[in-house]
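Asker:
Protein chains: 2
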Amino acid sequence: MKRRGLMKTAGIGSAAVATHAVAAPAIAQDMPEVRWRLTSSFPKNLDIATTVSDEFVKRVGELTGGKFQIKWFAPGEVVPALQVIDAVQNGTVESGFTAGYYYVGKDPTFSFATTLPFGMNTRQHNAWIIAGGGLELINDFLKDYNCVYVPIAHTGAQMGGWFRREIKSLDDLKGLKFRIAGFAGQVLSRLGVVPQQIAGGDIYPALEKGTIDAAEWVGPYDDERLGFAKVAKYYYYPGWWEGCTQTGVFCSLKEWEKLPASYRTAIQAVASEQMNWALAKYDAGSPGALRRLVAAGAELRPFPRDMMAAAYDIALELYDEMASKNPKFKKIYESWKPFRDEQYLWFRVAENTFDNFVFSQQASKKR
Amino acid sequence: MKRRGLMKTAGIGSAAVATHAVAAPAIAQDMPEVRWRLTSSFPKNLDIATTVSDEFVKRVGELTGGKFQIKWFAPGEVVPALQVIDAVQNGTVESGFTAGYYYVGKDPTFSFATTLPFGMNTRQHNAWIIAGGGLELINDFLKDYNCVYVPIAHTGAQMGGWFRREIKSLDDLKGLKFRIAGFAGQVLSRLGVVPQQIAGGDIYPALEKGTIDAAEWVGPYDDERLGFAKVAKYYYYPGWWEGCTQTGVFCSLKEWEKLPASYRTAIQAVASEQMNWALAKYDAGSPGALRRLVAAGAELRPFPRDMMAAAYDIALELYDEMASKNPKFKKIYESWKPFRDEQYLWFRVAENTFDNFVFSQQASKKR
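Heads up: the sequence lines are chains Y and C, in that order.
Quick note, the first sequence lines up with residues 1 to 367 if you use the working numbering.
Quick note, the second sequence lines up with residues 368 to 734 if you use the working numbering.
1. With H, G and I counted as helix, E and B as strand and the rest as coil, what does DSSP make of Trp439 (chain C)?
2. I believe Leu657 (chain C) touches Arg123 (chain Y) by the beta-carbon criterion, under 8 Å. Please report the beta-carbon distance rounded to the nearest angstrom.
3. Apart from the five residues on each side of it in sequence, which residues of its chain come closer than 6 Å, Cβ to Cβ, to Glu622 (chain C)?
4. Would you kindly report the start and end of the unbroken alpha helix (DSSP H) that includes Tyr101 (chain Y)?
5. Does Asp320 (chain Y) pass the burial test, meaning 16 or more other C-beta atoms within 10 Å, or should it be called exposed?
6. Going by the CB atoms, is the gap between Val349 (chain Y) and Tyr679 (chain C) shorter than 7 Å?
7. Which residue wins for smallest C-alpha separation from Gly185 (chain Y), given the options Y:Pro108, Y:Ile267, Y:Ser364?
8. Do the CB positions of Val78 (chain Y) and Thr98 (chain Y) come within less than 7 Å of each other?
9. Hey, could you find the ends of the alpha helix (DSSP H) Gln186 (chain Y) is sitting in?
10. What is the residue span of the alpha helix (DSSP H) that Gln268 (chain Y) lies within?
11. My assumption, with CB atoms under 8 Å, is that Gly192 (chain Y) sits in contact with Pro43 (chain Y). Please give the rounded CB distance.
12. Let me check understanding here. Comparing Cα to Cα, which of Y:Gln268, Y:Ser262, Y:Leu259 lies closest to Gly248 (chain Y)?
13. Mind checking Arg340 (chain Y): buried by the 16 CB within 10 Å criterion, or exposed?
14. Starting from Trp529 (chain C), find everything on chain Y with Cβ-Cβ shorter than 8 Å and list it in chain order.
15. Hey, Glu666 (chain C) and Tyr588 (chain C) are a contact pair by Cβ (cut 8 Å); roughly how many whole angstroms apart?
16. Spell out whether any CB of chain Y is found under 7 Å from the CB atom of Phe485 (chain C).
17. Does the structure place the region 527–538 of chain C close enough to the region 670–679 of chain C that three or more beta carbon pairs sit under 8 Å?
18. Using a C-beta cutoff of 7 Å, does Pro705 (chain C) count as contacting chain Y?
19. In the DSSP assignment, what are the bridge partners of Leu667 (chain C)?
20. Mind checking Ala730 (chain C): buried by the 16 CB within 10 Å criterion, or exposed?
21. With a CB to CB cut of under 6 Å and the five nearest residues on each side skipped, what residues in its chain are close to Gly467 (chain C)?
22. Taking all protein chains shown into account, do 16 or more other C-beta atoms lie within 10 angstroms of the C-beta of Gly652 (chain C), making it buried, or fewer, making it exposed?
23. Run the CB neighbour count on Arg426 (chain C), radius 10 Å, all protein chains shown included, and call it buried at 16 or more, exposed below.
24. Mind checking whether the beta-carbon of Lys425 (chain C) lies closer than 6 Å to any heavy atom of the ligand NAD?
25. Which residues in chain Y sit within 7 Å of Val637 (chain C), going by Cβ to Cβ distance?
26. List the residues of chain C whose Cβ lies closer than 9 Å to the Cβ of Met307 (chain Y), in chain order.
27. Buried or exposed: Gly5 (chain Y), going by 16 or more other Cβ atoms within 10 Å of its Cβ?
28. Note down, in chain order, every chain Y residue with its Cβ under 9 Å from the Cβ of Asn493 (chain C).
29. Would you mind working out which of Y:Arg225, Y:Met159, Y:Ile138 sits nearest Glu334 (chain Y), comparing C-alpha positions?
30. Report, in whole angstroms, the separation of the C-beta atoms of Leu430 (chain C) and Ser41 (chain Y), which I expect to be a contact under 8 Å.
31. Taking 7 Å as the CB-CB limit, is Arg123 (chain Y) close to chain C?
32. Which of the three DSSP states, helix, strand or coil, is assigned to Leu38 (chain Y)?
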């Protein structure tokens with residue numbers, strides 16, 4: 001005990017001198033009152049996105065002594081679901097909760113914020129964004145749109161979606177009207193698919209009426225809520241166009257620059273916390289949702305391997321073409337692609353070997 | 368434009384009525400000055416753990432207007448590396464940054480905070496902790512130690528460690544003096560290994576002198592810094608005892624209960640943010656570190672499959688035995704094990720199919 005007492009005293013002494021000093025903070029009383037609006041792309045019946053929005057605004061308020069109040073709005077309350085970037089850019093709102101790849105029509109470069117077909121999985125994408133220079137590159141690109149990107153949620157690898165008929169070969173894709181978001185539509189169009197971009201809340205009626213033949217959304221947890229199994233029984237996997245799906249808060253650059261540093265820290269820390277919560281909630285809820293969907297008649301199917309292999313080649317060709325004609329895309333792709341390749345190599349060593357081993361043990365031994 | 372203007376007005380109206388109200392916060396000026404010490408198990412040359420500690424205390428300070436100041440101490444400055452829980456329990460410090468499984472000597476139940484052999488991967492563990500009831504169960508267990516657990520970092524699946532000689536079969540494990548943390552030592556002892564628990568900073572000299580025959584630590588990023596390749600050239604994978612490794616801040620329950628709610632929120636949000644940063648940093652840094660280690664002579668080897676299969680059976684037997692004699696272990700195991708099994712089933716559908724496909728494409732096509 002004596003020894004510990006001595007060490008304790010010495011420890012306090014050395015730290016008081018040293019490197020671990022707490023940064024001088026602004027005085028709380030001097031903090032300005034700030035009110036922001038956040039418009040979302042995600043309908044309220046998606047309970048994970050809704051809770052993320054609720055908790056985000058609540059906890060940012062809590063961490064700023066109530067001085068930074070953000071109110072969030074469901075799609076259509078302020079602007080339509082897929083016009084979030086426009087609304088931030090033109091100052092209609094100060095921020096929006098959306099997925100970058102909804103805006104590939106403006107520029108395919110938006111996709112890097114969310115995912116690309118045959119891209120990185122959740123961990124790998126986060127590594128690129130947080131520690132691989134990805135966030136800086138995306139924010140540099142977003143300056144032209146008056147936006148700053150703050151990642152706020154992830155779904156994990158998605159499912160391939162709901163099909164009214166089986167896909168047994170590449171031929172079955174010809175003329176297929178498929179609701180699919182982002183870049184993947186361009187890959188699939190080269191395989192004969194007619195891609196459709198439809199916001200989450202409008203997919204079910206389109207599928208029910210047969211206006212479309214198939215639709216992908218997220219995975220069992222959300223898909224069960226949106227009821228797709230009732231109108232299209234074949235449930236395909238994996239969603240090779242979404243090895244991960246990151247969504248974010250796109251803040252107005254102009255408004256962001258006015259914020260005190262501690263308000264920015266509050267946004268970043270709370271968004272990061274919500275990302276972990278959302279992903280955990282998807283992962284925890286998906287197994288049960290999938291069991292219920294299958295029990296209710298959904299037919300689980302892997303995509304044919306030849307279709308995936310063809311799509312893989314097309315995707316990588318498309319990226320090269322895109323890079324050759326779009327300098328903004330090229331600049332980010334030249335960071336993203338080698339980073340992805342290195343991540344694949346590394347994950348094949350420890351992470352994937354562990355996963356494959358334990359999954360095989362479970363499959364063979366049932367314990 | 369008119370239409371959007373109308374919707375905007377309607378939107379503001381409906382939200383003002385409604386469900387998205389910001390919680391009434393405490394007034395910043397009324398916040399108390401609080402000073403805490405945080406003692407760490409991780410030596411300063413592990414730059415990820417060091418940065419996590421630095422950023423954690425800095426950003427918590429920033430989010431509390433400088434009123435909540437935490438100072439952190441390296442191992443040995445206040446208490447030795449592996450006595451963090453004791454120091455929090457007896458009030459020597461208010462908090463500690465450590466891995467739960469260092470304390471399996473007190474109770475094997477501590478392992479659930481970190482990982483168990485053939486347990487869950489990073490995503491799955493987070494899902495259990497955050498959305499599967501894991502955190503509540505762990506905190507209930509920790510009451511007897513005056514602790515509250517706040518997860519703060521992850522390493523991802525670890526490597527199997529550094530061996531002075533090759534492991535070609537189960538027989539090669541007999542009598543092997545292996546530095547290995549936590550529960551895994553007990554599994555390996557049933558295969559003839561003599562497990563050793565040694566803190567990070569003391570492993571290298573033990574391996575160099577030949578006091579031990581092998582040592583596992585984390586993965587390429589940290590292992591390169593600790594220099595193990597110079598004294599043991601065979602580098603095995605995967606670390607099947609650490610499909611993930613979560614570390615956390617163990618706060619004094621007594622002190623935690625005195626904190627205003629917003630200080631707790633600051634701790635939780637910043638810790639969650641640091642977890643994402645640490646994992647990203649490990650993932651981003653590991654491929655390059657592994658390349659350098661191999662270039663410098665490290666020989667990469669997969670563990671023999673018969674050894675892993677034997678260890679898998681022993682681990683699951685051991686958990687059953689442990690549950691039959693330790694009610695605290697049993698209580699958490701009965702949540703953890705079925706959750707793990709369901710996660711395995713679900714990950715085998717979308718996530719693992721995606722990973723295996725893209726890894727195989729890369730392996731065969733080199734692009």
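C-beta: ideal position from N, C-alpha, C; glycine also.
Answerer: This is what the structure gives:
1. Three-state DSSP puts Trp439 (chain C) in a strand.
2. In this structure Leu657 (chain C) does not touch Arg123 (chain Y) by the C-beta definition: roughly 16 Å separates them, more than the 8 Å allowed.
3. Within its own chain, the residues whose Cβ lies closer than 6 Å to the Cβ of Glu622 (chain C), once the five positions on either side in sequence are excluded, are Glu461, listed in chain order.
4. Counting along the chain, Tyr101 (chain Y) sits inside no alpha helix (DSSP H), nor does DSSP assign it H or E at all.
5. So Asp320 (chain Y) ends up on the exposed side.
6. Result no, Cβ atoms of Tyr679 (chain C) and Val349 (chain Y) do not sit closer than 7 Å.
7. Restricting attention to Y:Pro108, Y:Ile267, Y:Ser364, the CA atom closest to the CA of Gly185 (chain Y) is found in Y:Pro108.
8. No, these two residues do not count as a Cβ contact at 7 Å.
9. For Gln186 (chain Y), the enclosing alpha helix (DSSP H) stretches over residues 184–189.
10. Per DSSP, Gln268 (chain Y) belongs to the alpha helix (DSSP H) from 261–295.
11. Contact between Gly192 (chain Y) and Pro43 (chain Y) is ruled out by a C-beta separation of about 30 Å, above the 8 Å threshold.
12. Y:Gln268 is the residue among Y:Gln268, Y:Ser262, Y:Leu259 whose C-alpha sits nearest the C-alpha of Gly248 (chain Y).
13. Of the other Cβ atoms in all chains shown, 16 or more fall within 10 Å of the Cβ of Arg340 (chain Y); this residue is therefore buried.
14. Neighbourhood of Trp529 (chain C) in chain Y, by CB distance below 8 Å: empty, with the nearest CB roughly 14 Å away.
15. So it is not a contact: roughly 19 Å between Cβ atoms.
16. Taking CB atoms only, Phe485 (chain C) has a neighbour in chain Y less than 7 Å away.
17. Counting Cβ pairs under 8 Å, three or more are found: they touch.
18. Not a single CB atom of chain Y sits nearer than 7 Å to the CB of Pro705 (chain C).
19. Beta-bridge annotation (DSSP): Leu667 (chain C) is paired with C:Tyr602.
20. Classification for Ala730 (chain C): exposed.
21. Annotation for Gly467 (chain C): Phe477, Ala480, Thr481 place their beta carbon closer than 6 Å to its own, counting only its chain and skipping 5 residues before and after.
22. That one is buried.
23. Buried is the call here.
24. In terms of ligand content, the structure shown is empty, and the ligand NAD therefore cannot be addressed.
25. What Val637 (chain C) touches in chain Y: Ala269.
26. By Cβ distance, chain C contributes nothing, its closest Cβ being about 11 Å from Met307 (chain Y), past 9 Å.
27. With a pLDDT of 35 at Gly5 (chain Y), under the threshold of 50, the modelled position of that residue is not reliable, and no figure is offered here.
28. The answer, in chain order, is Asn276, Leu279, Ala280, Asp283.
29. Comparing Cα positions, the closest option is Y:Ile138.
30. Actually they do not touch by this definition, with Cβ atoms about 28 Å apart.
31. The Cβ of Arg123 (chain Y) sits closer than 7 Å to at least one Cβ of chain C.
32. Residue state, collapsed to three classes: strand.
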